[in-house]
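Numbering (this note's numbering), first residue to last: 3 to 298.
To start, the structure itself, in structure tokens.
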Ligand code: SF4
């Protein structure tokens, strides 16, 4: 059996920057303590646990405003996938020291929504309900933005006349998003399209599909709550047509999965610490298999 290490995989620039910002804040004597993170800095329990070693308090839950109410003093860090302007204002009004670790790719969508709303556009935002990123972006102009999760949501829209623009969450499936965009184009041919899937997401999905095709089984290392990790599983299954499993770590691998497998491929969500993925590869190496070098 051979192991294909899919490349690129794992940590993206936005996640690396957010984690470094948080660690720097924890070590900086000028930053008021304690340091809190408003939500999991990334959706990965290993990454969150490593920050606890720095004395950082991660507050977890879907309602950012409610989380903010738990912070009595010190510093709050806004996570890589952003928060709404209302939450930012509230934190500042409460006199908390604020550090914004929002990924530049997400910040760009916030700015786009603000600009389009000011110009009178109706904005169709393709995203996943309950994820912090849509919550933050929609908060820029809640009266002008409609959350679209599927083609059925497009059919149900009742938005009247006027200019329409489309933008997206950063970590969706390339193929699902394109289907929804095509559906919007059919109903609103005049809609302006701003596809904001981030480069890291696109590259990881394309690599998983292309290199996963060569494998009998693809293991995606990632947290169950990580949208981009779940999308990797989905695109390997639906686009590459190969079996894929989401695993949190090497401990999740059932040796029976490898029975009869000639080639197993490994990839990881952009919120998965590299060490966890390395452990998975090491586990597979210890099964006495050949490991293929990553592609150039
Ligand atoms: Fe930024 Fe994309 Fe990484 Fe999210 S997945 S933090 S948008 S680079």
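Ideal Cβ placement from N, Cα and C applies to all residues, glycine included.
Residue i: CB within 8 angstroms of a non-hydrogen atom of ligand 1
| i | result |
| --- | --- |
| residue 16 | yes |
| residue 210 | no |
| residue 201 | yes |
| residue 83 | yes |
| residue 107 | yes |
| residue 230 | yes |
| residue 170 | no |
| residue 272 | yes |
| residue 20 | yes |
| residue 269 | no |
| residue 173 | yes |
Which of helix, strand or coil DSSP assigns to residue i
| i | result |
| --- | --- |
| residue 60 | strand |
| residue 8 | coil |
| residue 33 | coil |
| residue 206 | helix |
| residue 99 | strand |
| residue 265 | strand |
| residue 248 | strand |
| residue 219 | strand |
| residue 44 | coil |
| residue 79 | strand |
| residue 133 | coil |
| residue 39 | strand |
| residue 143 | coil |
| residue 86 | coil |
| residue 107 | helix |
| residue 199 | coil |
| residue 65 | coil |
| residue 138 | helix |
| residue 243 | coil |
| residue 72 | coil |
| residue 15 | helix |
| residue 121 | coil |
Contact set for residue i: own chain, Cβ-Cβ below 8 angstroms, skip 5 residues either direction
| i | result |
| --- | --- |
| residue 89 | 40, 66, 67, 70, 80, 138 and 141 |
| residue 77 | 27, 33, 34, 35, 36, 37, 38, 98, 99, 100 and 101 |
| residue 174 | 128, 129, 130, 199, 203, 229 and 233 |
| residue 54 | 60 |
Start-to-end residues for the alpha helix (DSSP H) that takes in residue i
| i | result |
| --- | --- |
| residue 196 | Where residue 196 is concerned, there is no enclosing alpha helix (DSSP H), although the beta strand (DSSP E) it sits in stretches over 194 to 196. |
| residue 179 | 176 to 189 |
| residue 161 | Per DSSP, residue 161 belongs to no alpha helix (DSSP H) and is neither H nor E. |
| residue 173 | Where residue 173 is concerned, there is no enclosing alpha helix (DSSP H), given that its DSSP letter is neither H nor E. |
| residue 255 | That residue, residue 255, is in no alpha helix (DSSP H); it is neither H nor E in DSSP. |
| residue 281 | 276 to 287 |
| residue 228 | Unbroken run through residue 228: none, as it is neither H nor E. |
Identity of the residues DSSP links to residue i by a beta bridge
| i | result |
| --- | --- |
| residue 148 | 126 |
| residue 270 | 223 |
Own chain partners of residue i with C-beta closer than 7 angstroms, once the 5 adjacent residues on each side are dropped
| i | result |
| --- | --- |
| residue 92 | 67 and 70 |
| residue 285 | 252 and 255 |
| residue 2 | Since the first residue of the chain shown is 3 and the last is 298, residue 2 is not available in this structure. |
Contacts around residue i, its chain only, beta-carbon distance under 6 angstroms, and the 5 residues preceding and following it disregarded
| i | result |
| --- | --- |
| residue 281 | 252 |
| residue 235 | 222, 246 and 248 |
Boundaries (first-last residue) of the beta strand (DSSP E) holding residue i
| i | result |
| --- | --- |
| residue 167 | 166 to 170 |
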